[in-house]
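J.:
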Amino acid sequence: MTRDEALALDAADALAPLREQFALPPGLIYLDGNSLGVLPKATAARVQQVVRDEWGRDLIRSWNSAGWIDLPQRIGDKIARLVGAGAGELVVADSTSVNLFKVLSAALAIARADDAQRRVIVSERSNFPTDLYIAESLAAQQGCTLRLADTPEQIPALLGSDTAVLMLTQVNYRSGRLHDMAALSRAAHEAGALAVWDLAHSAGALPVDLGGDGADMAVGCGYKFLNGGPGAPAFVWVHPRHAERFWQPLAGWMGHAAPFEFTPGYRPAPGIARYLCGTPPVLSMAALECGVDTLLAAEPFGGMAALRAKSLALTRLFADEVRVRCPELALVSPTDDALRGSQVCFAHAELGYPVVQALIARGVIGDFRAPEILRFGFTPLYTRFADAFDAAVHLQQVQDGGEWRRPEFNRRHAVT
Ligand SMILES: *Cc1c(COP(=O)(O)O)cnc(C)c1O
């Protein structure tokens, strides 16, 4: 492909105007929206309004007058539209790690109430570490075990009459490999287990159909493809069929049926309010809502399906260009569109870290995932075809010119 051909793709791209929603620093090629989404232009003014008017002027009255108390459900309903969930089924709360603890705990309780012999959580060895740490600690507390697949193909064979829960991240954070949620949820159900999904790298990145694909519970991240800002609160969804059986391991007052009656004894709220624990972080919630709105703005343009088509075209373009220009980098992400999330990863043990640092110095931001992964996330809301093309050219240049050898690119930072 030539640069002119990439520019022609941008000129023909019906989604191109959506980029205007973002405060992107000029000249930067940002391929890390899968780790921290870009700041929407609306966010600073909205957060300032919440600080100055709702907090500063109206103070505690804002819990009612500004609807602070409804934020978890209000933003939850917006996220639900992106992930195939119904209104009133999903709430914003806590972090992904904490939400995973909540849903896994409830899923274990539900599965074992039906069959006490079920003591195994099945997942993948390559799952994101926090997901496995949470599962391990919960398993230890409850006398359960964690059984890990080494490849996605092994998963169905690990499910059996002893399995309580299948817990997977829909898109692998290192390889970008996308699981078939419908097929694996069905396999879990056929074994009598529940299917719990982490949407950290899929919510806002591709169409997700929690209801249609048979998932039982899901969690997801607010600061990646949802553009909610650093440390944005996460979300949690439970299929309505389990809502009344879902029992919080963290029984806090915001999940109580009547928090402002201040009664002794925990009584869970009906429906999804019981997934809440404590007071929502209002400033962070306001920022998250602006981020989610940038995705809902794509609905008139075809929504997540249209964003997915662009994302696949971007990742295909970048992977093809890099394979030609940098043959020494091994492509880790699937070439099959049906198996690829919204990122492209390469492996190289020696070059990986310094090449990513040299690219960052050039204003091309990807990230490095130990021990050897160069990871580039593509956010179709704001990434242009010319960006994907230019990033591949930069990648070739930092390697061919030996720029990556400079000492400053070989010093490890705390966050990679
Ligand atoms: C990013 C990510 C998380 C983040 O969890 P936090 O609690 O927000 O730190 C969890 N799981 C997966 C799979 C992720 O990609």
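Heads up, the sequence shown is in this note's numbering, so the first residue is 2 and it goes up one at a time.
Think of the CB as a built atom: it goes at the ideal place given N, C-alpha and C, for glycine as much as any other residue.
Counting only runs of 3+ residues fully inside the region 159-186, write out the beta strand (DSSP E) ranges in chain order.
T.: List check, beta strand (DSSP E) in window: 164-170.
J.: Do Leu284 and Val99 come within 9 Å of each other at the CB atom, strictly closer than that value?
T.: Against the sequence shown, residue 99 aligns to sequence position 98. Against the sequence shown, residue 284 aligns to sequence position 283. For Val99 and Leu284, no; Cβs fall outside 9 Å.
J.: Is Pro335 near Ser124, with beta carbons less than 9 Å apart?
T.: Taking the first residue of the sequence shown as position 1, residue 335 is located at position 334. Taking the first residue of the sequence shown as position 1, residue 124 is located at position 123. Against a cut-off of 9 Å, the Cβ pair of Ser124 and Pro335 comes out as no contact.
J.: Give, in chain order, every unbroken run of the alpha helix (DSSP H) that is at least 4 residues long and sits entirely within the region 82-116.
T.: As far as the region 82-116 is concerned, its whole alpha helix (DSSP H) runs of at least 4 residues are 97-115.
J.: Label Ser138 either buried or exposed according to how many other C-beta atoms from any shown protein chain fall within 10 Å of its C-beta, with 16 as the threshold for buried.
T.: On the sequence shown, position 137 is the one that residue 138 refers to. It counts as exposed.
J.: Confirm the yes/no value for this check: CB of Val99, any heavy atom of ligand 1, distance under 8 Å.
T.: Taking the first residue of the sequence shown as 1, we reach residue 99 at position 98. Val99 Cβ: within cutoff of ligand 1.
J.: Going along the chain, which residues of its own chain have a beta-carbon closer than 6 Å to the beta-carbon of Val357, five neighbours each way excluded?
T.: As a working mapping, residue 357 is identified with position 356 in the sequence shown. Around Val357: Gly367, Phe369 and Leu375.
J.: Residue ranges of each alpha helix (DSSP H) run of no fewer than 4 residues wholly in the region 259-303, ordered along the chain?
T.: Within the region 259-303, the complete alpha helix (DSSP H) runs of at least 4 residues are 283-297.
J.: Are there any heavy atoms of ligand 1 lying less than 8 Å away from the beta-carbon of Asn128, as far as the coordinates show?
T.: The sequence position of residue 128 within the sequence shown is 127, counting from 1. True, at least one ligand heavy atom lies under 8 Å from that Cβ.
J.: Could you pull out every residue in the same chain whose Cβ sits closer than 7 Å to the Cβ of Met286, ignoring the five residues on either side in sequence?
T.: As a first step, residue 286 is located in the sequence shown; it is residue number 285 there, counting from the start. Answer for Met286: Leu72, Ile76, Val93 and Pro234, listed in chain order.
J.: Quick test of the definition: if touching needs 3 or more C-beta pairs under 8 Å, does the region 183-199 touch the region 150-158?
T.: Contact holds: three or more Cβ-Cβ distances are below 8 Å.
J.: Counting only the same chain and skipping the five closest in sequence on each side, list residues whose C-beta sits under 7 Å from that of Asn173.
T.: Locating residue 173 in the sequence shown gives position 172, where the first residue counts as 1. Counting only Cβ-Cβ distances below 7 Å, and skipping sequence neighbours, we find Ser127.
J.: Would you identify the three-state DSSP class for Thr146, choosing helix, strand or coil?
T.: Against the sequence shown, residue 146 aligns to sequence position 145. Here Thr146 sits in strand by DSSP.
J.: Quick check: does the Cβ of His180 come within less than 8 Å of any heavy atom belonging to ligand 3?
T.: With respect to ligand 3, the structure shown offers nothing to examine, as its ligands consist of ligand 1.
J.: Taking 8 Å as the cut-off, is the CB of Tyr224 close to at least one heavy atom of ligand 1?
T.: On the sequence shown, position 223 is the one that residue 224 refers to. Answer for Tyr224: yes, Cβ within range of ligand 1.
J.: Starting from Gly353, trace the alpha helix (DSSP H) both ways and give me its first and last residue.
T.: Here residue 353 is taken as the residue at index 352 of the sequence shown, counted from 1. First-last of the alpha helix (DSSP H) with Gly353: Gly353 to Ala362.
J.: If I'm right that Leu25 touches Phe379 with Cβ under 8 Å, what's the distance once you round it to whole angstroms?
T.: Here residue 25 corresponds to residue number 24 of the sequence shown, with the count starting at 1. Here residue 379 corresponds to residue number 378 of the sequence shown, with the count starting at 1. Not a contact, Cβ separation roughly 14 Å.
J.: Which whole-angstrom value is the C-beta distance of Leu179 and Gly342, which I expect to be below 8 Å?
T.: Numbered from its first residue, the sequence shown carries residue 179 at position 178. Numbered from its first residue, the sequence shown carries residue 342 at position 341. With a Cβ gap of about 5 Å, Leu179 and Gly342 count as contacting.
J.: Nearest to Pro241 by CA position, among Trp405, Gly89 and Thr417, is which residue?
T.: Here residue 241 refers to the residue found at position 240 of the sequence shown. Of the candidates Trp405, Gly89 and Thr417, the one whose C-alpha sits nearest the C-alpha of Pro241 is Gly89.
J.: Take the Cβ of His414 as the centre, count every other Cβ of all protein chains shown within 10 Å, and call the residue buried at 16 or more, exposed below.
T.: Numbered from its first residue, the sequence shown carries residue 414 at position 413. Exposed: under 16 other Cβ atoms inside 10 Å.
J.: Would you say the beta carbon of Tyr174 is closer than 8 Å to some non-hydrogen atom of ligand 1?
T.: Position 173 of the sequence shown, counted from the start, is the residue given in the question as residue 174. Tyr174 Cβ: within cutoff of ligand 1.
J.: If you draw a straight line from the alpha carbon of Leu365 to that of Phe263, how long is it in whole angstroms?
T.: Your numbering for residue 365 matches position 364 in the sequence shown. Your numbering for residue 263 matches position 262 in the sequence shown. One detail in the question is off: residue 365 reads as Val in this sequence, not Leu. If I take the Cα positions, the gap works out to 53 Å.
J.: For ligand 1, any of its heavy atoms closer than 8 Å to the Cβ of Ser96?
T.: Within the sequence shown, residue 96 is the residue found at index 95, counting from 1. Yes, Cβ of Ser96 sits closer than 8 Å to a heavy atom of ligand 1.
J.: Considering only residues of the same chain and omitting the five flanking positions on each side of Ile135, which have a CB-CB separation below 8 Å?
T.: Taking the first residue of the sequence shown as position 1, residue 135 is located at position 134. Excluding sequence neighbours, Ile135 sits near Ser98, Leu101, Phe102 and Leu105.
J.: If contacts are defined as beta-carbon pairs under 8 Å, then Asn35 and Lys225 qualify, I think. What distance do you get, rounded to the angstrom?
T.: For this step, residue 35 is matched to residue 34 along the sequence shown. For this step, residue 225 is matched to residue 224 along the sequence shown. Contact holds; Cβ gap of about 5 Å.
J.: Any idea what DSSP makes of Tyr134, helix, strand or coil?
T.: Indexing the sequence shown from 1 puts residue 134 at position 133. Tyr134: helix per DSSP, three-state reduction.
J.: Can Thr417 be considered in contact with ligand 1, in the sense that its beta carbon sits closer than 8 Å to one or more heavy atoms?
T.: Translated into the one-based positions of the sequence shown, residue 417 becomes position 416. Outside the cutoff, so no.
J.: Inspect the CB distances between the region 42-60 and the region 194-207 and report whether three or more fall short of 8 Å.
T.: Not touching, per the Cβ criterion.
J.: When every heavy atom of ligand 1 is checked, does at least one fall within less than 8 Å of the C-beta of Ala150?
T.: Translated into positions along the sequence shown, residue 150 becomes position 149. It does not: the Cβ of Ala150 is nowhere closer than 8 Å to a heavy atom of ligand 1.
J.: Pull up the distance between the alpha-carbon of Pro153 and that of Arg53, whole angstroms please.
T.: By one-based count along the sequence shown, residue 153 stands at place 152. By one-based count along the sequence shown, residue 53 stands at place 52. Near 50 Å, if we compare the C-alpha coordinates of Arg53 and Pro153.
J.: Does at least one heavy atom of ligand 1 sit under 8 Å from the Cβ of Ala371?
T.: Within the sequence shown, residue 371 is the residue found at index 370, counting from 1. Flag unset: Cβ of Ala371 not near ligand 1.
J.: Grab the span of the beta strand (DSSP E) containing Trp198 for me, first residue to last.
T.: Indexing the sequence shown from 1 puts residue 198 at position 197. First-last of the beta strand (DSSP E) with Trp198: Leu195 to Asp199.
J.: Below 9 Å between beta carbons: does that hold for Ala108 and Ala67?
T.: In the sequence shown, counting from the first residue as 1, residue 108 sits at position 107. In the sequence shown, counting from the first residue as 1, residue 67 sits at position 66. Not a contact, by the Cβ cut-off of 9 Å.
J.: Quick one: what does DSSP say Phe386 is sitting in, helix, strand or coil?
T.: Looking up residue 386 in the sequence shown gives position 385. Phe386 falls in the helix class under three-state DSSP.
J.: Check whether the Cβ of Thr380 lies closer than 8 Å to any heavy atom of ligand 1, and answer yes or no.
T.: Position 379 of the sequence shown, counted from the start, is the residue given in the question as residue 380. It does not: the Cβ of Thr380 is nowhere closer than 8 Å to a heavy atom of ligand 1.
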